[in-house]
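Notes follow once the structure below has been shown.
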Amino acid sequence: MLSDKRLDDITASDIQGLIDNEVPEGPTLEYKQALELDTRDQRKEFAADVSSFANARGGDIIFGIVEKQENGKNTGLADSVVGLPDINVDQELLRIQQILRHTIEPRVPIAEPRFVDGFASGAVLVIRVGKSWIGPHRVIASSKFHLRTSSGKCELDVVELRSAFTRSADLAERIRRFRDDRLARIIAGETHVAECGDPSVVLHIVPISTFSDTTSVDIKRFISSRPIPPSLGSVASKRRPNLDGFLLTTGASDLEANYSQIFRDGCIEMVDVNDIAGHDRMIDSGRMEKSVLDAVEASERMLSEIGIDPPLVLLLSFLNVKGFNMTVSAAFSRGASPGIDRDFLLLPDVIIEESSQNLDHILRPVFDALWQATGRNQSLNYDEEGNWRRHDQ
1 MLSDKRLDDI TASDIQGLID NEVPEGPTLE YKQALELDTR DQRKEFAADV SSFANARGGD
61 IIFGIVEKQE NGKNTGLADS VVGLPDINVD QELLRIQQIL RHTIEPRVPI AEPRFVDGFA
121 SGAVLVIRVG KSWIGPHRVI ASSKFHLRTS SGKCELDVVE LRSAFTRSAD LAERIRRFRD
181 DRLARIIAGE THVAECGDPS VVLHIVPIST FSDTTSVDIK RFISSRPIPP SLGSVASKRR
241 PNLDGFLLTT GASDLEANYS QIFRDGCIEM VDVNDIAGHD RMIDSGRMEK SVLDAVEASE
301 RMLSEIGIDP PLVLLLSFLN VKGFNMTVSA AFSRGASPGI DRDFLLLPDV IIEESSQNLD
361 HILRPVFDAL WQATGRNQSL NYDEEGNWRR HDQ
């Protein structure tokens, strides 16, 4: 199936395969002969098509394919490639992005256009729309919400619309409940940390697909493919499958170490026990922030290798840190701020919407919130352009 391939890996032979194999349109696939964006009504129709996919299961809209006809009606089967001749790819990509940005609210998180070359008649455009977690979406110039179904695009009725809003709110709550449940288990000593009385950092990475679709990691395939699993702080030296999925630890036994747990649904839990705290109840901010950045980057890379792509929700928590402060160097004054006022610090979650995003920028609100919890304005480990750079270097 075309949806099984990464957008960047789709070739002309994949498009031709849709025709040769008579792949029909459906809830996640639509064919269009032309890309028409010149008039206001055409742009509204384009936005309605994209938003209908985002409000449903996501999928691919392919421009430059003619459908077979029967008795003067489209059959939903691809007949031939006509391509999009005489098109300026760069200009059209820019126009598509602008239309998507300014005609749909809330903005669709994932709608990626890509032109596929290899046809004499011109390139074919594939727009891959991800299932949205912040919907429902509507065209700004209209009061209508659309949904992609097996029979095409339809309007949401009142009951469906209420259900869509409820699902969107429920998704965020379910992710936070997952984090809260895992933290409770860590604190109670029910995970791979024997005792959690020491200052600890906990990073959860949750693929949206875990809660919006059925996602499952094949553990045997995971082991055989040997991806490099992420870790927070110390590099994991022991690894093995377990009931929850796959476990990495750093100590002599599973109950006296930092660990990373990759769950069967693709969620990741990383715990750093007393590895980021310096002397005198001070947290080495440079070391801690760099550790989190590296762990997120490694997690994103590993998930990609096993077929799980963004969006990813990042949730950073600190345990047993009441009275702790942040430091950037030995000369940094502790007395200038009061320190963290609670034992358990749950920082705001952030989302990686696509793999090309700058992690420094994505995680800055999290790091700023941590510094603000100590009474300071923001993280001191960022330069004027908003790029992460350890303050004492």
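Here the sequence shown is numbered in full-length UniProt numbering, starting from 1 and rising by one per residue.
Each residue gets a CB set at the ideal place from its N, CA and C atoms; glycine is no exception.
Fair warning: this is a prediction, and the values are worked out from it, not measured in the lab.
The continuous beta strand (DSSP E) containing Leu248 extends over residues Gly245 to Thr249.
About 11 Å separates the CB atoms of Asn55 and Pro106; that is not less than 8 Å, and the two are not in contact.
Remark: three or more beta-carbon pairs, one from each stretch, lie closer than 8 Å, so the segment 297 to 311 and the segment 339 to 354 are flagged as touching.
Going by C-alpha positions, Arg101 is about 31 Å away from Leu203.
For Asp49, the enclosing alpha helix (DSSP H) begins and ends at Arg40 to Asn55. For Val296, the enclosing alpha helix (DSSP H) covers residues Ser285 to Glu305. Within the same chain, Cβ atoms closer than 8 Å to the Cβ of Ile283 are found at Pro199, Ile276, Ala277, Val321, Phe324, Asn325, Met326 and Thr327, the five residues on either side in sequence being excluded. DSSP places Asp20 in the uninterrupted alpha helix (DSSP H) bounded by Ala12 to Asp20. Bridge pairing for Ala78: Glu67 [DSSP]. In this structure, the CA atom of Gly152 is about 12 Å from the CA atom of Ile61. The shortest CA-to-CA distance from Asp181 to any of Gln378, Asn377, Glu269 and Ser150 is the one to Glu269. In the DSSP assignment, Cys154 is bridged to Leu147. Nearest neighbour of Thr191 by Cα position, chosen from Val271, Leu161, Arg177 and Asp49, turns out to be Val271. Going by DSSP, His204 is part of the beta strand (DSSP E) stretching over Ser200 to Pro207. In the DSSP assignment, Thr327 falls within the beta strand (DSSP E) that extends over Asn325 to Thr327. The residue from Glu45, Ser317 and Leu248 with its alpha-carbon nearest to that of Val139 is Glu45. DSSP places Phe115 inside the beta strand (DSSP E), whose first and last residues are Ala111 to Val116.
Judged by DSSP secondary structure, Phe367 falls within the alpha helix (DSSP H) whose first and last residues are Leu359 to Ala373. Rounded to whole angstroms, the gap between the alpha carbons of Ser168 and Arg281 is 40 Å. Put simply, of Ile175, Glu173 and Phe145 the residue whose alpha carbon is nearest the alpha carbon of Arg162 is Phe145. In terms of Cα proximity to Ser337, the closest of Arg364, Ile362, Leu370 and Pro365 is Leu370. Secondary structure at Arg239: strand, using DSSP grouped into helix, strand and coil. Ile127 counts as buried, since at least 16 other C-beta atoms from the protein chains shown sit within 10 angstroms of its C-beta. Going by C-alpha positions, Ala172 is about 43 Å away from Ser80. Membership of Leu315 in the beta strand (DSSP E) is indicated by the continuous run Leu312 to Leu319.
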